[in-house]
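Undergrad:
Number of protein chains: 2
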Amino acid sequence: MSKHLPATVGRRARGADIDARGQLLDAAVGLFAERGIANTTVAQIAAAGHVTSAMVHYWFDTRDQLLEAVVEERLAPLFHAIWDAADVVRSAPLELVRGMLARMFEVTGRNPWLPSLWLREIVNEGGLLRERALRHIPLGQVGGFGQNIARGRSEGEVNPDIEPLLLFNSILALVMLPQATAKIWRHINPTVTFDRATLQRHVTALLMHGIAAPAAAAAGRLQHRKARARP
Amino acid sequence: MSKHLPATVGRRARGADIDARGQLLDAAVGLFAERGIANTTVAQIAAAGHVTSAMVHYWFDTRDQLLEAVVEERLAPLFHAIWDAADVVRSAPLELVRGMLARMFEVTGRNPWLPSLWLREIVNEGGLLRERALRHIPLGQVGGFGQNIARGRSEGEVNPDIEPLLLFNSILALVMLPQATAKIWRHINPTVTFDRATLQRHVTALLMHGIAAPAAAAAGRLQHRKARARP
Numbered sequence: 001m002s003k004h005l006p007a008t009v010g011r012r013a014r015g016a017d018i019d020a021r022g023q024l025l026d027a028a029v030g031l032f033a034e035r036g037i038a039n040t041t042v043a044q045i046a047a048a049g050h051v052t053s054a055m056v057h058y059w060f061d062t063r064d065q066l067l068e069a070v071v072e073e074r075l076a077p078l079f080h081a082i083w084d085a086a087d088v089v090r091s092a093p094l095e096l097v098r099g100m101l102a103r104m105f106e107v108t109g110r111n112p113w114l115p116s117l118w119l120r121e122i123v124n125e126g127g128l129l130r131e132r133a134l135r136h137i138p139l140g141q142v143g144g145f146g147q148n149i150a151r152g153r154s155e156g157e158v159n160p161d162i163e164p165l166l167l168f169n170s171i172l173a174l175v176m177l178p179q180a181t182a183k184i185w186r187h188i189n190p191t192v193t194f195d196r197a198t199l200q201r202h203v204t205a206l207l208m209h210g211i212a213a214p215a216a217a218a219a220g221r222l223q224h225r226k227a228r229a230r231p
Numbered sequence: 232m233s234k235h236l237p238a239t240v241g242r243r244a245r246g247a248d249i250d251a252r253g254q255l256l257d258a259a260v261g262l263f264a265e266r267g268i269a270n271t272t273v274a275q276i277a278a279a280g281h282v283t284s285a286m287v288h289y290w291f292d293t294r295d296q297l298l299e300a301v302v303e304e305r306l307a308p309l310f311h312a313i314w315d316a317a318d319v320v321r322s323a324p325l326e327l328v329r330g331m332l333a334r335m336f337e338v339t340g341r342n343p344w345l346p347s348l349w350l351r352e353i354v355n356e357g358g359l360l361r362e363r364a365l366r367h368i369p370l371g372q373v374g375g376f377g378q379n380i381a382r383g384r385s386e387g388e389v390n391p392d393i394e395p396l397l398l399f400n401s402i403l404a405l406v407m408l409p410q411a412t413a414k415i416w417r418h419i420n421p422t423v424t425f426d427r428a429t430l431q432r433h434v435t436a437l438l439m440h441g442i443a444a445p446a447a448a449a450a451g452r453l454q455h456r457k458a459r460a461r462p
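Note that the protein sequences, when read in sequence, are chains A and B. Per the working numbering, the very first residue in the first sequence carries number 1; after that it's consecutive. Per the working numbering, the very first residue in the second sequence carries number 232; after that it's consecutive.
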């Protein structure tokens, strides 16, 4: 499931054309992430992909076909790369989350356009890939993830205040939003040198242990209990 | 600092007009959050605020003046409500974070339009309030927050893998993104009944302790150390 055959939408490409068509899709996702789909012309995509506009029109009769191919051949395989390896039935909850995190950072490292495209065109109201992309979310796996966390909670492995159905959303927010908005933060504070390895370490620590240092964790938990015990 | 005088931009309103002008700004932020600024007309704002389009034009000569008033009189006071009470110099790091969280949930509870407007018009590339809103971020407090966390880290209170300069970004992502995107999640899984109190409990738990249950935390940390110790 993690490898999709190319050319499932629009005209099929043969031989060397397969590379050119793939380059074109790579150019398209890069531009869409940087400028937004609505602000990108076919001529710009063609130029960035080193082909003629005529070739783009030959492969994709319509803009819709191009967007469909971007989702089928560029986005969906990444959803699969993140979810397919998750054993939501047998993994211990903490290992499940650790594995998801590692794959999400691996995937965004290899496809640095993903967080911006996700924010602009899927998360946003009016995002032009939202409906198409949501169809490719592996709902069975997402549901199984929630069940795994719920099971871990009832078995005492997961913090009882963690909400199983909100956790994947939280992970997505922690991993994707800072990568999608790195430009703003650099604008506010140019001394912040954003790098993916630091973010990964930070997000992993946050999810696994929260902000408290191991040594201070016990004291923190005690205070927390006192705070919750107030009427 | 947390109360701004009304009518700092555009024509001043007097007497009963102050209420009408305030209602208009409330209507504007609601529509901007729901439909986006680019998709909202003056006529729609006037109708939602129960005034005539002529009154809108009287108070705000230009669309720019209206946007400036929205930022000055609706957004900036909320930034202050979140940041002004933070004692970034003297608070213990965990209490500082707990206080920020409580105020962020309090502010988004009273102003449910805020997360969508934040996502659409500030976070987004091309967001029409971005530049204006960024000018109102209390940079001194944000910097002090980072220093507080860094100090907590060097004093052993904060997890050494937490990155002080990324933490506020993480908190913002955890609190705001799920509220701004609640619609998508309901679309994917209609059984998720999203409520703010559950999100607050979940995010607070995540930040304070991570996903591991207190009982399993020690074992989890041990595994974590082993994983990190691998060559």
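All C-beta atoms, glycine included, are put in the ideal place defined by N, C-alpha and C. Note that the structure is a prediction, hence the values are computed from the model and not measured.
What is the DSSP secondary structure of Ala69/A, reduced to helix, strand or coil?
TA: Of the three classes helix, strand and coil, the one that applies to Ala69/A here is helix, per DSSP.
Undergrad: When DSSP labels each residue in this structure, what does Ala85/A get in the three-state scheme?
TA: Ala85/A: coil per DSSP, three-state reduction.
Undergrad: Which partner residues of Ala212/A appear in the DSSP bridge assignment?
TA: Paired residues: Val389/B.
Undergrad: Please determine, among Leu207/A, Ile184/A, Asp26/A, Gly140/A, the residue with the shortest C-alpha to C-alpha distance to Ala364/B.
TA: Of Leu207/A, Ile184/A, Asp26/A, Gly140/A, the residue nearest in Cα terms is Ile184/A.
Undergrad: So with CB distances below 8 Å, who are the chain B contacts of His136/A?
TA: Those do not exist, as His136/A stays about 11 Å from chain B at its closest Cβ, beyond 8 Å.
Undergrad: Could you tell me the boundaries of the alpha helix (DSSP H) in which Pro93/A lies?
TA: First-last of the alpha helix (DSSP H) with Pro93/A: 93-110.
Undergrad: Between the stretch 323-334 of chain B and the stretch 279-288 of chain B, do three or more beta carbon pairs fall short of 8 Å?
TA: The stretch 323-334 of chain B is not in contact with the stretch 279-288 of chain B.
Undergrad: Are there three or more Cβ pairs, one per stretch, closer than 8 Å when the stretch 373-388 of chain B is compared with the stretch 154-173 of chain A?
TA: The answer is no - the stretch 154-173 of chain A does not touch the stretch 373-388 of chain B, with fewer than three Cβ pairs under 8 Å.
Undergrad: Is the number of C-beta pairs between the stretch 347-357 of chain B and the stretch 417-429 of chain B that are closer than 8 Å three or more?
TA: At 8 Å Cβ cutoff, the stretches do not touch.
Undergrad: Are Leu348/B and Val338/B touching if we call contact CB-CB under 8 Å?
TA: The answer is no: Cβ separation not under 8 Å.
Undergrad: Kindly indicate which residue of His209/A, Ala81/A, Arg151/A, Phe60/A has the alpha-carbon position closest to the one of Arg90/A.
TA: Closest option to Arg90/A, Cα to Cα, is Arg151/A.
Undergrad: Mapping DSSP to helix, strand and coil, what is Arg225/A?
TA: Reliability of the predicted coordinates at Arg225/A is poor, the pLDDT of 43 falling under 50, and no value is obtained from them.
Undergrad: Are Pro112/A and Asn148/A closer than 8 Å when you measure CB to CB?
TA: No, the Cβ-Cβ distance between Pro112/A and Asn148/A is not below 8 Å.
Undergrad: Does any residue of chain A bring its CB to less than 8 Å from the CB of Asp295/B?
TA: Closer than 8 Å: no.
Undergrad: For chain A, check one thing: does any of its Cβ atoms lie closer than 8 Å to the Cβ of His455/B?
TA: Any reading at His455/B needs caution, since the residue's pLDDT is 48, under 50, leaving its predicted position unreliable; the model's value is listed next. Yes, because at least one Cβ of chain A sits closer than 8 Å to the Cβ of His455/B.
Undergrad: Going by DSSP, what residue range makes up the alpha helix (DSSP H) through Trp344/B?
TA: Note, Trp344/B: premise wrong, no alpha helix (DSSP H); not H, not E.
Undergrad: Check for me: the alpha helix (DSSP H) holding Phe399/B runs from which residue to which?
TA: From DSSP, the alpha helix (DSSP H) with Phe399/B extends over 395-411.
Undergrad: Near Val56/A, what residues of its chain come up, given a Cβ to Cβ distance below 6 Å and the 5 sequence neighbours on each side ignored?
TA: Val42, Ala46, listed in sequence order.
Undergrad: Give the residues from the stretch 77-102 of chain A that approach chain B closer than 9 Å (Cβ to any Cβ), ordered along the chain.
TA: Correct list: Pro93, Leu94, Glu95, Val97, Arg98.
Undergrad: Between the Cα of Leu437/B and the Cα atoms of Leu67/A, Phe168/A, Pro138/A, Arg63/A, which residue gives the shortest distance?
TA: Cα-wise, what sits closest to Leu437/B is Phe168/A.
Undergrad: Using a Cβ cut-off of 8 Å (strictly closer), state whether Met439/B contacts chain A.
TA: Interface residue, yes.
Undergrad: Would you mind telling me which residues of chain A sit closer than 7 Å to Leu345/B, beta carbon to beta carbon, in chain order?
TA: Result: empty, since nearest Cβ-Cβ is about 15 Å, beyond 7 Å.
Undergrad: Which residue marks the beginning of the alpha helix (DSSP H) containing Leu128/A, and which one marks its end?
TA: Neither: Leu128/A is in no alpha helix (DSSP H) and is coded neither H nor E.
Undergrad: Between which residues of its own chain and Leu405/B is the CB-CB distance below 6 Å, once the five residues before and five after are set aside?
TA: Taken in chain order, the residues that qualify are Val434.
Undergrad: Helix, strand or coil: which one does DSSP assign to Asn270/B?
TA: Helix at Asn270/B.
Undergrad: Within this structure, are the beta carbons of Trp59/A and Pro138/A separated by less than 8 Å?
TA: No, the pair does not count as a contact, with Cβ atoms beyond the cut-off.
Undergrad: Drop a sphere of 10 angstroms on the beta-carbon of Arg120/A, count the other beta-carbons inside from all chains shown, and report buried for 16 or more, exposed for fewer.
TA: Buried.
Undergrad: I want to verify the contact list: residues of chain B whose CB lies under 8 Å from the CB of Arg120/A, in sequence order.
TA: By Cβ distance, chain B contributes Asn355, Glu356.
Undergrad: Contact criterion: CB-CB distance below 8 Å. Does Asp392/B meet it with respect to chain A?
TA: Asp392/B counts as touching chain A.
Undergrad: In this structure, does DSSP put Asp295/B in helix, strand or coil?
TA: Asp295/B falls in the helix class under three-state DSSP.
Undergrad: Consult DSSP for Thr435/B and reduce its assignment to one of helix, strand or coil.
TA: In the structure shown, Thr435/B sits in a helix (DSSP, three-state: H, G or I).
Undergrad: Mark Thr181/A as exposed unless 16 or more other C-beta atoms lie within 10 angstroms of its C-beta, in which case mark it buried.
TA: Answer is buried; the Cβ neighbour count reaches 16.
Undergrad: Against chain B, does Val107/A count as a neighbour if the rule is that its beta carbon must be under 8 Å from one of theirs?
TA: For Val107/A, the answer is no, since every Cβ of chain B falls outside 8 Å of its Cβ.
Undergrad: Are the CB atoms of Leu66/A and Leu397/B within a distance shorter than 8 Å?
TA: No. Outside cutoff.
Undergrad: Starting from Pro178/A, find everything on chain B with Cβ-Cβ shorter than 8 Å and list it in chain order.
TA: In chain order: Leu397, Asn400, Ser401, Ala404.
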